[in-house]
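Asks:
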Amino acid sequence: MIINSFYTGEIELKSDSDVVPLLHMSVKYQCDKVSETIVKFLTRNLTVTSAIQCLGLSLDNYKELQSSVKVLLQNYSYAIFTNDRFVKLNEDEMVQLMSLIVKENNVLDCHQAAMKWVSHDESNRKDAHYNVSKAIHQYKSSISAARMFR
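The number in our numbering is simply the position in the sequence shown, starting from 1, with 21 added.
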């Protein structure tokens with residue numbers, strides 16, 4: 022499907038199951054028209070699963086999708102933590118996820134998720150826990166600072 026679209030510049034998307042990897046490939050191979058089609062589809066059909074997959078992509082050129090991913094992840098943090106897909110994220114993606122979704126009412130959930138993420142692959146992630154916790158703590162620090170100036 023993707024190879025054919027490289028030649029035609031068009032792609033037909035029916036399901037969101039493999040859309041994010043297709044976007045990654047279309048960006049990598051500079052198929053801008055295909056990328057735009059995929060981004061429009063993703064923006065309209067974004068799910069928690071596809072939003073998590075988008076963490077591995079640079080979405081700076083796709084502001085609408087970037088905004089949709091951020092809003093969806095922030096609104097569905099509980100669904101993210103109850104679904105074990107987040108334990109497969111790499112360190113950078115986990116830091117990005119935590120910095121996006123941590124809020125005053127879910128700080129404890131974020132810490133518990135960080136511990137679950139580390140324990141999924143403890144030998145390779147124990148050093149990464151600091152960076153993930155730091156992303157959570159930065160939010161807590163900004164809340165504390167904001168309260169001081171009320």
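Heads up, the beta-carbon is just placed ideally off N, CA and C, and yes, glycines get one too. Bear in mind the structure is a predicted one, so any value in this text is a computation, not a measurement.
(1) Distance, Cα to Cα, Met-46 vs Asn-96?
(2) Confirm the yes/no value for this check: CB of Leu-78, any heavy atom of the ligand PLP, distance under 7 Å.
(3) Buried or exposed: which applies to Ser-56, given that a residue is buried once 16 or more other Cβ atoms fall within 10 Å of its Cβ?
(4) Mind checking Leu-129: buried by the 16 CB within 10 Å criterion, or exposed?
(5) Would you report the Cα separation of Asp-81 and Val-90, rounded to the nearest angstrom?
(6) Give me, in chain order, the residues of the same chain whose beta-carbon lies closer than 8 Å to that of Val-60; leave out the 5 immediate sequence neighbours on both sides.
(7) Report the start-end ranges of each beta strand (DSSP E) in the region 105 to 152 that is 3 residues or longer and not cut off at the edges.
(8) For Thr-70, which residues in the same chain have their Cβ closer than 7 Å to its Cβ, ignoring the five residues on either side in sequence?
(9) Only counting the same chain, and skipping five residues up and downstream in sequence, which positions put a Cβ closer than 6 Å to that of Cys-131?
(10) Using C-beta distances below 7 Å, list every residue in its chain close to Ala-134, excluding the 5 sequence neighbours before and after it, in chain order.
(11) Quick check: what's the CA-CA separation for Val-92 versus Gln-117?
(12) Given that a residue counts as buried once 16 or more other Cβ atoms are within 10 Å of its Cβ, and exposed if not, what is Tyr-50?
(13) Would Ser-88 be called buried (16 or more neighbouring beta carbons within 10 Å of its own) or exposed?
(14) Looking at the secondary structure, which residues open and close the alpha helix (DSSP H) in which Ser-79 lies?
Replies: Walking through what the data contain:
(1) 28 Å
(2) The ligand PLP is absent from the structure shown, which contains no ligands of any kind.
(3) Buried is the call here.
(4) exposed
(5) 12 Å
(6) Within its own chain, the residues whose Cβ lies closer than 8 Å to the Cβ of Val-60, once the five positions on either side in sequence are excluded, are Leu-44, Tyr-83, Glu-85 and Leu-86, listed in chain order.
(7) Entirely contained in the region 105 to 152, not one beta strand (DSSP E) run reaches 3 residues.
(8) Arg-106
(9) Met-119, Val-123 and Ile-157
(10) Phe-102 and Phe-107
(11) 14 Å
(12) exposed
(13) exposed
(14) Where Ser-79 is concerned, there is no enclosing alpha helix (DSSP H), given that its DSSP letter is neither H nor E.
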